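Asker: Letter by letter, the sequence shown follows residues 68 to 295 of this note's numbering.
Quick reminder that beta carbons are idealized off the backbone N, C-alpha and C, glycines included.
Given the structure is predicted, the values throughout are model-derived calculations rather than measurements.
Could you have a look at this structure, given as structure tokens, before my questions?
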Amino acid sequence: MVEIIDNEFEKLLKKAIIKELKSEINSTSSEEFYPSIGFQNQIKELFKKDNRKTYFKKFFFYTKRAAMLILVIMGILTTLFIFNEDVRARVENTIEWFDDHTRFQFAPDYTVKERKEFDLGIIPEEYEIVDIEDLKVVKIVSLKNSDGKIIHLTYGGTNVSESMSVDNEYHDFRVEYVNNYEIMLIVGNEIENRNFAIWEIEGIRFKLNGEIEVEDLMYLVEIIINGK
């Protein structure tokens, strides 16, 4: 077996994925990008969690830049993001090709759906609810902690997609578990210190984000999950 050092592995993987993705993008004439079923199936087969979990974790570690984000768009994390059997969400072609800089964005689905609710009373008293924005299919709750930092809690049904944009140059990605629920963590570095946590429970997709420590973010995640 030939060993490939981490940097070379990342370069080869990024090159292969970008080539495949560009081929997909070039095959469509509209501004919206619909990845082909064949391409989606290839990606999903490669990263089936039941038999590729070890490799998947390595892939998470190695690909901190464009390759990881491209695959997220394609719907690797079907339970956390917008590709699943119930949702045919559109993905906008908002990928900008820079040498070291790639962004991704999920296209919003404007079809009105019933929103799933949960009890805001489980939010700890040390977090003040300062604003609630009702967007019909999702609700955004703004919380303020004792340090005056604002944390945004967004929730809605798992059959609803929403816009999300993250600069992958300044974030790392990892998965943690709380009571067997998978939590997708997007962790900022010293330049971009905003952190995200995304998970699903009982038909509701939650997203927490704010300029607070990951430990504080996970504390809120645990409160919400245990309160459900």
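Buried or exposed for Leu210, going by 16 or more other Cβ atoms inside 10 Å?
Answerer: It counts as buried.
Asker: Mind checking who Glu261 pairs with in its DSSP beta bridge?
Answerer: The amino acid at residue 261 is misidentified as Glu; the sequence shows Arg. Its beta-bridge partners do not exist; DSSP assigns none.
Asker: For the alpha helix (DSSP H) that contains Gly215, what are its first and last residues?
Answerer: Gly215 -> no alpha helix (DSSP H), and no H or E assigned at all.
Asker: Does the separation of the CB atoms of Leu284 and Asn262 fall below 7 Å?
Answerer: Result yes, Cβ atoms of Leu284 and Asn262 sit closer than 7 Å.
Asker: Determine the direct distance from the alpha carbon of Gly188 to that of Tyr237, and round the result to whole angstroms.
Answerer: Those two C-alpha atoms are separated by around 34 Å.
Asker: Going by DSSP, which residues form a beta bridge with Leu210?
Answerer: The partner list for Leu210 (beta bridge, DSSP) reads Ile196 and Ile218.
Asker: Just how far apart, CA to CA, sit Asn247 and Leu220?
Answerer: Looking at the two C-alpha atoms, the distance is approximately 21 Å.
Asker: Name the residue from Asn293, Ile250, Gly294 and Glu257 whose alpha carbon lies nearest to the alpha carbon of Glu275.
Answerer: The question names Glu, yet the displayed sequence has Leu at residue 275. Of Asn293, Ile250, Gly294 and Glu257, the residue nearest in Cα terms is Ile250.
Asker: Do you know how far the Cα of Glu193 is from the Cα of Ser213?
Answerer: For Ser213 and Glu193, the distance between alpha carbons rounds to 6 Å.
Asker: I need the straight-line Cα distance from Gly223 to Ile291, nearest angstrom please.
Answerer: Looking at the two C-alpha atoms, the distance is approximately 14 Å.
Asker: Comparing C-alpha positions only, which one of Glu267, Val254, Asn293 and Ile265 sits nearest to Glu280?
Answerer: The shortest C-alpha separation from Glu280 is found at Val254.
Asker: With distances taken between CB atoms, is the gap from Leu252 to Glu243 smaller than 7 Å?
Answerer: Cβ atoms of Leu252 and Glu243: closer than 7 Å.
Asker: Under the DSSP definition of a beta bridge, which residues are partnered with Met251?
Answerer: Answer is Val242 and Ile265, bridged to Met251.
Asker: For Glu289, which of Gly277, Ala264, Val208 and Asp198 has the nearest alpha-carbon?
Answerer: Glu289 has its Cα closest to that of Ala264, out of Gly277, Ala264, Val208 and Asp198.
Asker: Spatial neighbours of Val179 within its chain, please: C-beta separation below 7 Å, excluding the five flanking residues on both sides.
Answerer: Caution applies to Val179, whose pLDDT of 41 falls short of 50 and renders its modelled position unreliable; the value that the coordinates give is listed next. For Val179, where only same-chain residues beyond five positions count, the Cβ hits under 7 Å are Lys203 and Val204.
Asker: In this structure, does DSSP put Gly277 in helix, strand or coil?
Answerer: Three-state DSSP puts Gly277 in a strand.
Asker: Buried or exposed: where does Arg241 fall if 16 or more other Cβ atoms within 10 Å of its Cβ makes it buried?
Answerer: Per the 10 Å Cβ criterion, exposed.
Asker: Among Ile199, Ile268 and Glu257, which one has its Cα closest to the Cα of Ile217?
Answerer: Looking at the Cα atoms, Ile199 is the closest of the given residues.
Asker: Hey, out of Ile190, Glu278 and Gly215, whose CA is closest to Asn256's CA?
Answerer: The shortest Cα separation from Asn256 among Ile190, Glu278 and Gly215 belongs to Glu278.
Asker: Could you please give me the residues that DSSP links to Ile303 through a beta bridge?
Answerer: Absent from the model: residue 303. The displayed extent of the chain is 68 to 295, so no value can be given.
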